[in-house]
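Protein sequence lines correspond, in order, to chains A and B. So that you can map any letter, position 74 of the first sequence is 241 in this note's numbering, and since no number is skipped, the others follow by simple counting. So that you can map any letter, position 146 of the second sequence is 812 in this note's numbering, and since no number is skipped, the others follow by simple counting.
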Amino acid sequence: MNKVRILMTLICAIWLALGLGEAQAQATRTWVSGVGDDANPCSRTAPCKTFAGAISKTAAGGEINTMDPGGFGAVTITKSIRIVAESGVAGVLVSGTNGIIVSAAATDSVYLEGLVFDGVGTGLNGILFNSGGSLVVQNCKIFGFTQWGVLFTPTTPGKLSITNSVITNNGSTPGFGGVKVIGRAGATTISGVINRTLLANNANGFLIDGTGGGGASEITIRDSVATGNTGNGIVATSAGAVSSVVFVDRTNASHNGAAGIAATGVPAAAAILNNSNVHNNATGLLASGGQIGSFKTNAISSNGTDGSPTVILPLN
Amino acid sequence: MCSLPPRCRLLLSLIVLAMPAAALPASAQGGDQSRTAEAVLVRQDFSDCGNSDVKADDPSRIGGTVQITRQTDGKMRVKVAITAAPDTTYHFFLKCVRSLGDIKTQDEGEATAEFEFAADGAPPILTFDMYPEGAPAGQKFQSTPVKLP
């Protein structure tokens with residue numbers, strides 16, 4: 168009997184010594200490299216190969232860093248995380264599917280910096296934000312997706328920030344384009360900023376849509392350009408009483424195949440312009456059911472039809 | 667022209683209006699929509715021949731798209747775009763009917779391929795599946811069912 172006890176004790180000791188009895192700890196910071204391996208622990212000295220390989224080894228609230236240029240692949244994010252690439256090209260190259268999907272909890276925040284999303288003409292969405300608290304997109308390039316470059320469609324109140332980014336050549340059919348914000352049931356409020364960003368040569372540039380079942384949504388587009396899109400440059404649309412507003416500040420909407428700035432559906436859909444240029448579009452300002460407000464500080468000219476704001480707002 | 671009777675002028679106007687549409691190639695006209703259908707490849711190990719339980723409701727399980735076009739010669743052209751395991755050859759099937767060929771992913775997992783098959787004998791509802799040699803669990807994809815265009 169004693170022999171059995173000793174044998175069992177020995178087996179337990181060996182098991183624990185090998186670390187087999189405990190769950191693998193997640194690191195707050197992990198690393199990926201173009202020459203890494205997902206079998207590695209994603210440490211600085213033994214980096215992983217892909218974001219998908221690294222994320223399971225990264226603690227919630229942690230950060231994945233790139234060590235060198237590489238293609239790091241698609242990933243689904245289900246927790247607070249930062250993916251920061253400041254080491255050259257950090258590619259997310261996908262075909263027939265989405266680049267990064269965010270399906271996180273209402274309190275989770277996701278930060279993406281320095282990534283190059285390439286849908287090679289068949290990818291679905293560059294970034295598909297299905298749920299989560301907030302999304303920050305910084306210094307990213309997103310192109311070649313058949314649906315949206317960024318589709319922000321939360322189910323709880325959500326915040327979106329896109330800064331210093333280039334979003335081009337997305338949307339293979341007229342219903343898609345660069346960036347779409349559409350809250351679904353449960354997203355009682357959505358707010359955000361698109362700052363210093365190029366929305367060019369997409370099917371449409373930017374769309375804020377109040378018809379998804381969510382609540383009031385407000386996005387500011389500042390110091391940005393919506394140009395060369397085959398459809399509209401910047402659009403607010405809604406139905407019923409759901410407020411859907413885009414503030415367009417110091418921004419250029421030009422050379423778009425339809426309207427430069429449009430507000431459609433119901434009066435609760437509004438585009439409000441300040442210090443912006445709208446020129447060389449088929450239609451400059453299009454208020455079709457929605458409202459276009461102006462502080463009378465804009466330059467609207469040389470469009471097929473210039474159109475005019477429906478509401479003049481006071482400067483104060 | 668001015669001397670033409672009103673009915674004649676109306677007829678000419680109708681012909682002029684109809685000409686641009688008739689001059690468009692078949693692919694550029696609205697009717698072309700019915701010649702193309704699209705399915706989604708979902709990461710799922712098993713299903714029946716009709717893939718009756720395959721749904722594209724979880725974007726994290728979507729691995730690619732399949733576009734099917736009926737060509738003028740009656741053949742079906744299948745364009746496949748996937749992102750799966752890197753540097754891996756996937757066998758692609760018209761499910762329960764026959765193999766259509768192989769797709770080899772590149773080092774970032776993406777790949778595109780085109781196949782053709784005769785529409786004669788194809789089931790009215792098309793389904794596809796694909797998997798690497800040995801069909802390892804977790805590496806198999808099933809398409810959503812799609813009506814023969």
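Idealized CB from N, CA, C, for every residue including glycine.
Should residue i and residue j be called a contact, given that it needs their Cβ atoms to be closer than 8 Å?
i, j, result
"Gly-237 of chain A", "Thr-264 of chain A", "no"
"Thr-793 of chain B", "Asn-717 of chain B", "yes"
"Ile-386 of chain A", "Ile-361 of chain A", "yes"
"Gly-775 of chain B", "Thr-749 of chain B", "yes"
"Phe-781 of chain B", "Val-812 of chain B", "no"
"Gly-432 of chain A", "Leu-452 of chain A", "no"
"Gly-338 of chain A", "Asn-371 of chain A", "yes"
"Gly-228 of chain A", "Ala-194 of chain A", "no"
"Asp-376 of chain A", "Arg-417 of chain A", "no"
"Thr-778 of chain B", "Ala-803 of chain B", "no"
"Thr-217 of chain A", "Gly-240 of chain A", "yes"
"Thr-205 of chain A", "Lys-246 of chain A", "Just to set this straight, residue 205 of chain A is Asp in the shown sequence, not Thr. No, they are not a contact pair."
"Ala-751 of chain B", "Gln-710 of chain B", "no"
"Ala-367 of chain A", "Val-392 of chain A", "yes"
"Leu-307 of chain A", "Phe-284 of chain A", "In the sequence as displayed, the identity of residue 307 of chain A is Cys instead of Leu. Taking 8 Å as the Cβ cut-off, Cys-307 of chain A and Phe-284 of chain A qualify as a contacting pair."
"Ser-405 of chain A", "Ala-436 of chain A", "yes"
"Leu-282 of chain A", "Ile-250 of chain A", "yes"
"Leu-374 of chain A", "Val-415 of chain A", "no"
What are the partner residues of residue i, as DSSP defines its beta bridges?
i, result
"Pro-798 of chain B", "B:Tyr-756"
"Cys-215 of chain A", "A:Val-199"
"Lys-761 of chain B", "DSSP output for Lys-761 of chain B lists no bridge partner at all."
"Asn-419 of chain A", "A:Val-392, A:Asn-444"
"Lys-745 of chain B", "B:Gln-733, B:Glu-780"
"Thr-233 of chain A", "A:Val-199"
"Leu-365 of chain A", "A:Val-333, A:Val-392"
"Phe-807 of chain B", "B:Arg-709, B:Met-796"
In chain A, what lies closer than 7 Å to residue i by C-beta?
i, result
"Ser-726 of chain B", "Thr-243, Ile-268, Ser-270"
Interface residues of chain B around residue i at Cβ under 7 Å?
i, result
"Thr-289 of chain A", "Thr-731, Ala-747, Thr-778"
If you compare alpha carbons, which of the options is closest to residue i?
i, options, result
"Asp-719 of chain B", "B:Gln-808, B:Leu-814, B:Pro-815, B:Cys-762", "B:Gln-808"
"Arg-351 of chain A", "A:Gly-293, A:Leu-279, A:Phe-319", "A:Phe-319"
"Thr-472 of chain A", "A:Ala-425, A:Gly-344, A:Ser-461, A:Trp-315", "A:Ala-425"
"Ile-769 of chain B", "B:Gln-737, B:Leu-814, B:His-757, B:Gly-804", "B:His-757"
"Ala-383 of chain A", "A:Ile-401, A:Ala-429, A:Arg-417, A:Thr-322", "A:Thr-322"
"Asn-423 of chain A", "A:Asn-369, A:Ser-455, A:Val-415", "A:Asn-369"
"Glu-704 of chain B", "A:Asn-448, A:Gly-344, A:Thr-313", "A:Thr-313"
"Gly-288 of chain A", "A:Gln-305, A:Gly-299, A:Val-261", "A:Val-261"
"Ser-410 of chain A", "A:Thr-225, A:Gly-381, A:Ser-332", "A:Gly-381"
"Gln-458 of chain A", "A:Ala-403, A:Gly-266, A:Asn-470, A:Gln-305", "A:Ala-403"
"Met-234 of chain A", "A:Ser-223, A:Thr-197, A:Thr-397", "A:Thr-197"
"Phe-310 of chain A", "A:Ser-301, A:Ile-294, A:Asn-447", "A:Ile-294"
"Val-277 of chain A", "A:Leu-365, A:Gly-255, A:Ile-439, A:Val-304", "A:Val-304"
"Ala-272 of chain A", "A:Gly-201, A:Lys-347, A:Gly-353, A:Gly-255", "A:Gly-353"
"Ser-270 of chain A", "B:Ala-785, B:Asp-724, B:Phe-712, B:Arg-764", "B:Asp-724"
"Asn-470 of chain A", "A:Asn-419, A:Ser-358, A:Thr-364, A:Cys-209", "A:Asn-419"
"Val-706 of chain B", "B:Leu-760, B:Ile-728, B:Asp-786", "B:Ile-728"
"Asn-399 of chain A", "A:Val-413, A:Ile-428, A:Thr-225", "A:Ile-428"
"Ile-401 of chain A", "A:Ile-222, A:Ser-200, A:Thr-364", "A:Thr-364"
Note down, in chain order, every chain B residue with its Cβ under 8 Å from the Cβ of residue i.
i, result
"Gly-238 of chain A", "Asp-773, Glu-774"
Determine the chain B residues that contact residue i at a beta-carbon separation under 9 Å, and present them in chain order.
i, result
"Gly-258 of chain A", "Glu-774"
Contact list for the region 260 to 285 of chain A against chain B, Cβ threshold 7 Å: Leu-260, Val-261, Ser-262, Gly-263, Thr-264, Asn-265, Ile-268, Ser-270
Where the region 759 to 789 of chain B meets chain A: residues whose CB sits under 8 Å from a CB there: Asp-773, Glu-774, Gly-775, Glu-776, Ala-777, Thr-778
Residues in the region 698 to 723 of chain B having any Cβ partner in chain A nearer than 8 Å: Leu-707
Chain B contacts from the region 295 to 308 of chain A (Cβ-Cβ distance under 9 Å): So the close ones are Leu-295, Asn-297.
Near-chain B residues of the region 326 to 359 of chain A (beta-carbon distance less than 9 Å), N- to C-terminal order: none
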